[in-house]
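So that you can map any letter, position 14 of the sequence shown is 14 in this note's numbering, and since no number is skipped, the others follow by simple counting.
Ideal Cβ positions, reconstructed from N, Cα and C, are used throughout, including at glycine.
Just below is one structure, and these are the notes that go with it.
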Amino acid sequence: MHFLITAGGTREYIDLVRFISNASSGKMGYALALAAIKAGHKVTLISASDLQPPVGVYFVAVDSAAEMFTAVKRLFTKCDRLIMAAAVADYTPVKKLKIKIQKSNKNLAIKLKPTTDILKWAGRHKRKSQTVVGFALEDKAVRTGAEKKLREKNLDMIIANTPAAVNSDVASVQIKTPDRKWLKLPHATKTQIAKKIIDLLTC
Ligand code: CTP
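What follows is the structure, given as structure tokens:
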């Protein structure tokens, strides 16, 4: 089976040297890539993280949400399973200046525009044989929020977690597919959780 996995927090550049990003480390996406490799699958990892890629993956480095979208569009048709573990920025600066902004004593406003929802695009464009998996980071009403994403993005699986999982080696996740009840995994390392997710996606 061929897994396409995204990981890390995208960087949305404001000028030559400054960017907006988030606290995602990429650990969950990398753990999933490693678990899939260990289970004997082919893995393409599209990453916005600085972590060292697991041996055996086909690695595509990206910075921004736009670059990640381009890479997913290029590689999606070849995969059986897409797992969007990346924390893709929801907004990006309207202007990316090709200079370094000089400091002044005036307020500075940065205008942002929405990025394309890559997961939603994949949910719309998937073939019957393809499975599209998303993550939902919810700080309240975890199940309600995640189920809304599952439905609205036409996903085959949503993995809900909480802000405590960000940049951590452990997490507590709950998993929902359209036709099954919620599955709550025990609090565990991301390595253990990743193995379970890969098992669920290949059984
Ligand atoms: N996602 C995406 N493209 C975006 C934004 C998010 O593909 N432009 C994906 C993420 O990889 C993740 C899921 O969508 O799998 C998260 O859903 P989202 O609607 O962004 O929810 P948020 O509440 O913004 O979630 P999160 O903080 O979990 O990113």
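(message) Counting C-beta neighbours from all protein chains within 10 Å, is the total for I193 16 or more, i.e. buried, or is it exposed?
(response) buried
(request) State the Cα-Cα distance for the pair N22 and D90, rounded to the nearest angstrom. (result) 11 Å
(message) Using the three-state DSSP reduction, which class does Q192 fall into: helix, strand or coil?
(response) helix
(message) Quick check on the DSSP output: the alpha helix (DSSP H) that includes H2 runs from which residue to which?
(response) Per DSSP, H2 belongs to no alpha helix (DSSP H); it is in the beta strand (DSSP E), H2 to A7.
(request) From the DSSP output, in three-state form, read off G145 for me. (result) helix
(message) With a threshold of 6 Å (Cβ to nearest heavy atom), would D117 be considered close to the ligand CTP?
(response) yes
(message) Distance check for D63 and K98, CA to CA, integer angstroms please.
(response) 16 Å
(message) Once DSSP output is grouped into helix, strand and coil, what is the label at A122?
(response) Residue state, collapsed to three classes: helix.
(message) Suppose contacts are defined by Cβ-Cβ distances below 7 Å. Is K149 in contact with I159 by that definition?
(response) At a Cβ-Cβ threshold of 7 Å, K149 and I159 do not count as neighbours.
(request) May I ask you to verify whether the region 52 to 63 touches the region 122 to 141, counting CB pairs closer than 8 Å and requiring at least 3? (result) Of all C-beta pairs linking the region 52 to 63 to the region 122 to 141, fewer than three are shorter than 8 Å, placing the two stretches out of contact.
(message) Can you list, in chain order, the residues of its chain with a C-beta nearer than 7 Å to that of K196? Leave out the 5 residues immediately preceding and following it.
(response) Closer than 7 Å at Cβ, skipping near neighbours: L185.
(request) Write down every uninterrupted run of the alpha helix (DSSP H) in the region 48 to 134 whose length is 4 residues or greater and which is fully enclosed by it, in chain order. (result) 65 to 75 and 118 to 125
(request) Would you mind working out which of Q130, I101 and A48 sits nearest T202, comparing C-alpha positions? (result) Comparing Cα positions, the closest option is Q130.
(request) Output the boundary residues of the beta strand (DSSP E) element that contains K176. (result) Q174 to K176
(request) Quickly, what does DSSP pair E12 with across the bridge? List them, please. (result) For E12, which the question treats as bridged, DSSP gives the partners I20.
(message) When you compare the CB positions of V88 and K113, do they come within less than 7 Å of one another, or not?
(response) no
(message) Considering just the uninterrupted stretch of the beta strand (DSSP E) at A160, what are its terminal residues?
(response) M157 to N161
(request) With distances taken Cα to Cα, identify the nearest neighbour of L143 among V43, P178 and L51. (result) It is worth fixing the name first, because residue 143 is Arg in this sequence and not Leu. Comparing Cα-Cα distances from R143 to each of V43, P178 and L51, the minimum goes to P178.
(message) For E147 and K120, which I take to be in contact (beta-carbon distance under 8 Å), what is that distance rounded to the nearest angstrom?
(response) Not a contact, Cβ separation roughly 15 Å.
(request) Could you tell me the distance, in whole angstroms, from the CA atom of E67 to the CA atom of F19? (result) 14 Å
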